[in-house]
Every structure is written in C-alpha cells, then in structure tokens.
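**Student:** Sequential numbering from 0 applies to the sequence shown in numbering that gives the first Met the number 0.
In this text, a Cβ means the ideal position worked out from N, Cα and C, and glycines have one as well.
Keep in mind the model is a prediction, meaning the values are calculated, not measured.
My questions all concern the structure below.
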Amino acid sequence: MEDNEKIRDKLNKLKEQCKFSENIENTCKLLINELNNTDYKVMDSFKPFILPKQNITKLLNFYKLYTESLKKIENIQIEIEKVGLSDDEKILRIKDLDDMNVLKLMNNYLKCLDDLKSYIKVNMVRELCKKSKKYYEGIVSKIEEAFFNALKRLPKVVNSIDLYGKFLIRSLDKKEFLSKYTQALYKILGFSEVKTFPILNQRTKKLTQYLNMVKNINTQIIGKTEAHNINIGLIQLIIINLKKVIGDILLKVEKEIKPNQIPSLVILYNNLRHTEGPIVDEIEDLFVYKEQILKLILNCLVHFFAYLETLDSPNTDLKTESQVLTLCDIFKSFENNKSIKREWVRKFGPSFGVYNSDELYDNFCRKCLTKVEKASNNLKNYDKYIYLINNKAPFKEFVKMYDNMTMENSIKKDVKLVIGLWKISIEKYDGVTLNRFMLKQLEKHKKYYLPNEERNILHSNLTETVEELIAANILQGQVSKLKNAIEMSYTGTN
C-alpha cells in the first residue's frame with residue numbers, strides 16, 4: 000500500500016516535469032520564430048546608449064562635412080554666376096567654357112555632392128543634394144548646347160571638344176546622349192544636303208579618306224571605346240544616305256538625258272571606288288550604280304549625235320560650236336578617268352564603230368568636224384577659215400591626225416589661207432590709201448575671235464607685212480595706229 004503511494008507520487012511529479020519541459024520547448028520555438036522575424040538592425044538603436052562618445056564624434060564629423068560641402072557648393076555657384084555660365088540668354092562656345100575653367104568647377108561641384116551621398120537619408124542632406132543636382136543639370140545643359148554648336152563646325156574639330164564629350168557621357172544618360180550625338184554627326188557629315196552633280200562629285204572625290212576621316216573625328220571627340228560601335232552604325236547610315244542621293248541625281252539625269260551631263264557621270268563613276276587609306280568595305284555598296292552610269296553615258300551620247308545632226312549652218316559669231324565644246328568636255332573627262340573610257344568602249348563602243356579606246360577621240364572628232372565643214376560651206380573668205388580654226392583648235396589636245404595630216408597642220412593651213420586673203424586684198428592699194436584700207440579692215444576684224452596661238456600667228460604675220468610694205472615705201476601714214484589695230488584684231492571685241 001505504502002509502495003503504491005510512493006509510485007503514484009513519482010508518476011505525478013514525472014507528469015509535472017514532462018509538462019514543464021513541453022512548455023519550455025514551446026517557448027523556445029516561439030522565441031526562435033520571433034528572432035527569425037526580427038530586424039537585427041534594431042540593435043543599432045541601442046548603440047547611442049552603449050557607445051555615446053563615438054556617436055557624438057560621428058555627429059560632429061557629419062556637421063563639419065555638411066557645412067564645408069555647403070560652403071564649397073555655394074562658392075562654386077557664385078563662381079558660375081560670375082562667369083555667366085547660368086545665363087540662359089548667353090550662347091557659349093567651347094573656348095568660352097575653357098576660359099571659364101568650367102570642367103574643373105563642375106568636377107569640384109560633383110565631388111561635393113558625392114561626399115554627401117553616405118548621408119543621403121538625412122533630410123537636410125537629401126534636400127541640399129536635390130537642389131544642387133537640379134542646378135548642376137542646368138549647367139550641364141549649357142555645356143551640352145556649346146558641345147553640339149561646336150559639332151556644326153565639323154569637319155574642323157574644335158580644341159578641347161573631346162574633354163566636353165567625355166564629360167557629357169559621364170554626366171548625362173549615356174545611351175540618350177550618344178544617340179543624339181550620332182544623329183548630329185550624321186546630319187553634319189552625311190550627304191543629305193547634296194542636291195547637285197558638281198557638289199556630289201566634289202564630296203565623293205576621295206571617299207575612302209573622307210569616311211576614315213569621319214571615323215577619326217568620332218574617335219577624337221568621344222574616345223576609342225565609345226567610337227568603335229558608333230562608327231559602324233554611322234558609316235552605314237552615311238552610305239545609305241549617299242545611295243539615296245546618288246539614286247535621286249541619276250534619276251534626274253535619266254529624265255533629262257543631256258550630253259553635257261556626261262563629264263559629271265564619268266567623274267562620279269571614277270569616284271565610286273576605294274582610294275588611299277584603310278579600306279571601308281561599305282563603299283562597295285555604291286558599286287551597284289556603275290552599270291547604270293555606263294548606260295546613261297550611252298544614252299547621252301546617242302542624244303549628242305542626234306543634236307550634232309542639227310548643225311546645218313554656222314553660228315553668227317563664228318566661234319566654237321556648242322557641240323564641239325560639249326564633245327571636248329567629254330574627251331577631257333575621259334582623259335582624266337581612263338578606266339571608265341576603256342570600260343565604256345568595251346561595252347558600248349561597237350555601237351558607234353569604235354572597237355578600241357584609242358580610237359574613240361578620232362572617231363567622234365571626225366564625225367563632229369565633218370558636220371562643221373559642211374556648215375562652213377555656207378561661209379566665204381575670212382569667215383569660213385576663222386570658223387574652221389575656232390572649231391578645230393579645241394581638238395588639238397585630244398586628236399593627233401585629221402584629214403590625212405596632223406590636226407596642228409590642218410589648223411595652220413586655215414591660218415595661212417587667212418593670211419593669203421589679207422595679202423590679196425592689200426595688193427590693190429598703196430600709200431596712205433593702203434593705210435586707211437588696212438585700218439578699216441582691222442576694225443572689222445576686231446569682232447572675230449581666234450584662240451591665242453592662232454591669233455598670235457596672224458598678228459605676227461600682219462606686223463611683218465606692214466614692216467615690209469613700209470620698207471618698200473608702199474605703205475605710208477601713221478604706222479603706230481596701224482600696229483595697235485593689229486593687236487586688237489581677232490579678239491572678239493566690238
């Protein structure tokens with residue numbers, strides 16, 4: 000009985016201990032769960048009580064940094080106001096910014112703001128940074144304006160522009176700024192403004208060098224790293240733009256088909272190639288126009304010979320016919336760009352009876368002068384030979400032989416015929432009468448025009464004739480007036 004009592008007492012105590020242990024376990028679980036969900040930074044709130052001296056030092060350091068930064072910011076703003084950088088009405092150049100030492104001011108300004116970043120959660124710091132940042136952005140905007148104004152002077156690169164380009168990359172949204180910058184380069188260095196053949200040929204004269212120059216300018220302004228990717232897209236944009244410009248101009252030529260466009264077509268054909276310097280592969284996208292240019296030259300020449308057929312009578316002033324001048328311009332362009340001459344003759348020469356590029360000038364010249372000589376049959380005496388001289392002389396540069404003699408001798412033959420007519424006409428007169436006759440004739444011959452070489456030959460022969468007549472006592476009167484009249488003859492003056 001007694002033993003049972005003891006057992007029951009032990010069981011009851013054991014139950015109590017088990018229940019207490021269970022309570023401890025539950026409490027521990029709750030505590031662990033609470034700790035897991037507690038922000039341990041809360042412990043920081045006890046630091047002012049644990050480390051009061053350290054916090055007072057930190058607070059003093061903060062106020063010292065804040066007041067020093069505030070003073071520096073205010074001083075920089077005063078300096079900026081003093082040089083007029085914040086004046087919205089003032090248009091600044093890069094040189095002005097250099098003179099104002101702007102980059103140093105802005106870097107110092109930004110450093111002051113960076114020093115305060117670790118205290119940005121403090122209201123007074125946050126407000127100061129917000130206000131100062133807005134002011135800073137306003138000045139950056141003025142620098143950006145000066146930068147893009149300087150770009151308008153390209154391809155001349157303004158001194159120090161690279162420093163401002165790199166500054167703006169750091170200070171603005173990089174992607175947005177580089178996009179705006181690329182568009183500006185494309186507009187300034189591209190071909191959108193080209194509307195005429197002469198300007199197109201002038202701009203594409205050394206295309207490889209030009210596009211490499213664009214790359215170098217870009218690298219110089221924003222640095223090698225940023226420029227590498229931009230250059231790829233920029234050159235592609237410029238080539239696409241140039242293709243459109245060329246296409247538009249060739250379309251205009253195709254609609255008009257004027258022979259005087261041939262020299263421009265020849266020059267453009269020659270320009271569409273790689274020139275000196277590192278090869279720019281994108282240029283080859285322009286080669287698609289070469290075949291079209293050759294065909295346009297063909298069509299223009301067909302129109303030229305149709306135009307030549309209209310030459311039935313000489314022009315009234317007996318000067319070089321427009322057909323002759325046009326053909327000589329065509330010859331000159333071919334002479335300066337011989338590769339296209341060979342290519343064109345290979346493809347289209349047989350249609351004109353030309354099978355070798357060396358035959359081109361002789362063939363076309365002969366056809367042209369045949370029409371000129373036919374037209375000259377409407378003229379007599381001086382008029383006929385002066386007209387022939389004026390229309391043969393431009394071909395001397397390109398054609399060696401004509402009418403079974405050299406072109407030079409063919410022209411000299413006509414000059415001798417003019418001299419012969421003079422000698423025949425003066426045989427009828429002598430004394431003062433001869434002087435008056437020659438003065439009257441020379442006055443009439445002022446209206447005629449002859450090229451320098453042929454005019455000088457005539458002047459020399461006439462002067463020599465006058466001196467011979469004086470020596471023979473056949474010519475009398477004022478010789479000086481007569482010699483002056485000789486000098487004025489064949490100058491095309493009235």
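Mind checking which residues open and close the alpha helix (DSSP H) that includes Ser263?
**Tutor:** For the purposes of this step, residue 263 is taken as residue 264 along the sequence shown, with counting starting at 1. It spans 261–270 - the alpha helix (DSSP H) in which Ser263 sits, taken as one unbroken run.
**Student:** Flag this pair as touching only if the segment 93–109 and the segment 151–167 have three or more C-beta atom pairs under 8 angstroms; answer yes or no.
**Tutor:** yes
**Student:** Please report the straight-line C-alpha distance between Val478 and Gly430, rounded to a whole angstrom.
**Tutor:** Stepping through the sequence shown from its first residue, residue 478 is reached at position 479. Stepping through the sequence shown from its first residue, residue 430 is reached at position 431. Their backbone Cα atoms lie some 12 angstroms apart in a straight line.
**Student:** What's the gap between the Cα of Ile388 and the Cα of Val414?
**Tutor:** Here residue 388 is taken as the residue at index 389 of the sequence shown, counted from 1. Here residue 414 is taken as the residue at index 415 of the sequence shown, counted from 1. Taking the straight line joining both Cα atoms gives about 7 angstroms.
**Student:** Given a cut-off of 8 angstroms on the beta-carbon distance, is the pair Leu300 and Pro258 in contact?
**Tutor:** Counting from one through the sequence shown, the residue named residue 300 turns up at place 301. Counting from one through the sequence shown, the residue named residue 258 turns up at place 259. Their beta carbons are under 8 angstroms apart, which means Leu300 touches Pro258 by this criterion.
**Student:** Just the Cα atoms here: how many angstroms apart are Ser140 and Ala183?
**Tutor:** As a first step, residue 140 is located in the sequence shown; it is residue number 141 there, counting from the start. As a first step, residue 183 is located in the sequence shown; it is residue number 184 there, counting from the start. Near 16 angstroms, if we compare the C-alpha coordinates of Ala183 and Ser140.
**Student:** According to the neighbour-count rule (16 or more other Cβ atoms, all chains shown, within 10 Å of its Cβ), is Met437 buried or exposed?
**Tutor:** In the sequence shown, residue 437 corresponds to position 438, counting from 1. Classification of Met437: buried, given that the 10 Å Cβ count is 16 or more.
**Student:** Ser459: which of Tyr489, Ser131, Leu233, Thr325 sits nearest, CA to CA?
**Tutor:** On the sequence shown, residue 459 is found 460 positions in, with the first residue counted as 1. Per the Cα distances, Tyr489.
**Student:** Can you tell me where the alpha helix (DSSP H) holding Ser312 begins and where it ends?
**Tutor:** As a working mapping, residue 312 is identified with position 313 in the sequence shown. No alpha helix (DSSP H) holds Ser312; DSSP gives it neither H nor E.
**Student:** Report yes if the CB atom of Asn336 is closer than 8 angstroms to the CB atom of Asn269, and no otherwise.
**Tutor:** Taking the first residue of the sequence shown as position 1, residue 336 is located at position 337. Taking the first residue of the sequence shown as position 1, residue 269 is located at position 270. For Asn336 and Asn269, yes; Cβs fall inside 8 angstroms.
**Student:** Where does the unbroken alpha helix (DSSP H) through Ile282 begin, and where does it stop?
**Tutor:** Locating residue 282 in the sequence shown gives position 283, where the first residue counts as 1. Here Ile282 belongs to no alpha helix (DSSP H), and DSSP marks it neither H nor E.
**Student:** Mind pulling the beta strand (DSSP E) runs of 3 or more residues that sit fully within the segment 171–209?
**Tutor:** none
**Student:** How close, in whole Å, do the beta carbons of Ala145 and Leu177 come, if the pair is a contact with beta carbons under 8 angstroms?
**Tutor:** On the sequence shown, residue 145 is found 146 positions in, with the first residue counted as 1. On the sequence shown, residue 177 is found 178 positions in, with the first residue counted as 1. Not really, about 18 angstroms apart at Cβ, beyond 8 angstroms.
**Student:** Suppose you measure from the CA of Asp284 to the CA of Ile237; what does that come to, to the nearest Å?
**Tutor:** Translated into the one-based positions of the sequence shown, residue 284 becomes position 285. Translated into the one-based positions of the sequence shown, residue 237 becomes position 238. Cα-Cα distance, rounded: 11 angstroms.
**Student:** Given a cut-off of 8 angstroms on the beta-carbon distance, is the pair Phe397 and Phe304 in contact?
**Tutor:** Position 398 of the sequence shown, counted from the first residue, corresponds to residue 397. Position 305 of the sequence shown, counted from the first residue, corresponds to residue 304. Against a cut-off of 8 angstroms, the Cβ pair of Phe304 and Phe397 comes out as no contact.
**Student:** Locate the alpha helix (DSSP H) running through Ser424, then write down its first and last residues.
**Tutor:** For the purposes of this step, residue 424 is taken as residue 425 along the sequence shown, with counting starting at 1. For Ser424, the enclosing alpha helix (DSSP H) begins and ends at 406–425.
**Student:** In three-state terms, what does DSSP make of Thr490?
**Tutor:** For the purposes of this step, residue 490 is identified with residue 491 of the sequence shown, where counting begins at 1. Here Thr490 sits in strand by DSSP.
**Student:** Starting from Phe146, trace the alpha helix (DSSP H) in both directions and tell me its first and last residue.
**Tutor:** Numbered from 1 along the sequence shown, position 147 holds the residue referred to as residue 146. 122–150 is the extent of the alpha helix (DSSP H) around Phe146.
**Student:** Give the secondary structure of Tyr62 by DSSP, where H, G and I count as helix, E and B as strand, and everything else as coil.
**Tutor:** To locate residue 62, count along the sequence shown from 1; it is residue 63. The answer is helix: DSSP assigns Tyr62 an H, G or I state.
**Student:** Hey, would you say Asp402 sits closer than 8 angstroms to Leu317, going by beta carbons?
**Tutor:** For this step, residue 402 is matched to residue 403 along the sequence shown. For this step, residue 317 is matched to residue 318 along the sequence shown. No, these two residues do not count as a Cβ contact at 8 angstroms.
**Student:** Rounded to the nearest angstrom, what separates Lys512 and Lys71 at their Cα positions?
**Tutor:** Absent from the model: residue 512. The displayed extent of the chain is 0 to 493, so no value can be given.
**Student:** Secondary structure at Leu317, three-state DSSP: helix, strand or coil?
**Tutor:** Indexing the sequence shown from 1 puts residue 317 at position 318. In this structure, Leu317 counts as coil in the three-state DSSP scheme.
**Student:** So, with DSSP's three-state summary, where would you put Tyr39?
**Tutor:** The residue given as residue 39 occupies position 40 in the sequence shown. Confidence at Tyr39 is low in this model, with a pLDDT of 49, below 50, so the placement of that residue should be treated as unreliable; the coordinate-derived value is given next. Here Tyr39 sits in helix by DSSP.
**Student:** Can you tell me whether DSSP reads Arg7 as helix, strand or coil?
**Tutor:** Start at 1 with the first residue of the sequence shown, and residue 7 comes out as number 8. With a pLDDT of 48 at Arg7, under the threshold of 50, the modelled position of this residue cannot be trusted, and the question is left open.
**Student:** What's the call for Met406, buried or exposed, on a 16-neighbour Cβ count within 10 Å?
**Tutor:** Taking the sequence shown and counting its residues from 1, the one referred to as residue 406 is at position 407. Flag for Met406 reads buried.
**Student:** Helix, strand or coil for Leu378? Go by DSSP, reduced to three states.
**Tutor:** Numbered from 1 along the sequence shown, position 379 holds the residue referred to as residue 378. Coil at Leu378, not helix or strand.
**Student:** Would you decide whether Leu34 is buried or exposed? Buried here means 16 or more other CB atoms lie within 10 Å of its CB.
**Tutor:** As a first step, residue 34 must be located in the sequence shown, where it is residue number 35. Here the model assigns Leu34 a pLDDT of 48, short of 50, so the residue's position is not dependable, and the following value carries that caveat. The residue in question, Leu34, is exposed, as its Cβ has fewer than 16 Cβ neighbours within 10 Å.
**Student:** What do you reckon, are the CB atoms on Ile231 and Asn217 nearer than 8 angstroms?
**Tutor:** As a working note, residue 231 is residue 232 in the sequence shown. As a working note, residue 217 is residue 218 in the sequence shown. Contact flag unset, no.
**Student:** Grab me the residues of Ser356's own chain with a C-beta within less than 7 angstroms of its C-beta, minus the 5 sequence neighbours each way, in chain order.
**Tutor:** The sequence position of residue 356 within the sequence shown is 357, counting from 1. Excluding positions up to five away in sequence, the list reads Lys340, Arg341, Val344.
**Student:** Helix, strand or coil for Leu474? Go by DSSP, reduced to three states.
**Tutor:** The count along the sequence shown starts at 1 and reaches residue 474 at position 475. In this structure, Leu474 counts as strand in the three-state DSSP scheme.
**Student:** Could you check the C-alpha separation between Ile90 and Asn122 for me, to the nearest Å?
**Tutor:** For the purposes of this step, residue 90 is identified with residue 91 of the sequence shown, where counting begins at 1. For the purposes of this step, residue 122 is identified with residue 123 of the sequence shown, where counting begins at 1. Their backbone Cα atoms lie some 37 angstroms apart in a straight line.
**Student:** Using C-beta distances below 6 angstroms, list every residue in its chain close to Val371, excluding the 5 sequence neighbours before and after it, in chain order.
**Tutor:** For the purposes of this step, residue 371 is taken as the residue at position 372 of the sequence shown. Within the same chain, Val371 has close Cβ partners Asn390.
**Student:** Identify, in the order they occur along the chain, each residue of the same chain with its Cβ nearer than 8 angstroms to the Cβ of Leu171, setting aside the five sequence neighbours on each side.
**Tutor:** Translated into the one-based positions of the sequence shown, residue 171 becomes position 172. Hits under 8 angstroms: Val139, Glu143.
**Student:** Please classify Pro313 as buried or exposed, where buried requires at least 16 neighbouring CB atoms within 10 angstroms.
**Tutor:** Along the sequence shown, read from residue 1 onward, the residue named residue 313 stands at position 314. Pro313 is buried by the Cβ-count criterion.
**Student:** What is the rounded straight-line gap between the Cα of Cys111 and the Cα of Phe61?
**Tutor:** The count along the sequence shown starts at 1 and reaches residue 111 at position 112. The count along the sequence shown starts at 1 and reaches residue 61 at position 62. The straight-line gap from Cα to Cα measures roughly 13 angstroms.
**Student:** Hey, how far is the Cα of Ser44 from the Cα of Ile77?
**Tutor:** Residue mapping note: residue 44 aligns to position 45 of the sequence shown, counting from 1. Residue mapping note: residue 77 aligns to position 78 of the sequence shown, counting from 1. Caution applies to Ser44, whose pLDDT of 46 falls short of 50 and renders its modelled position unreliable; the value that the coordinates give is listed next. Computed Cα separation, rounded: 41 angstroms.
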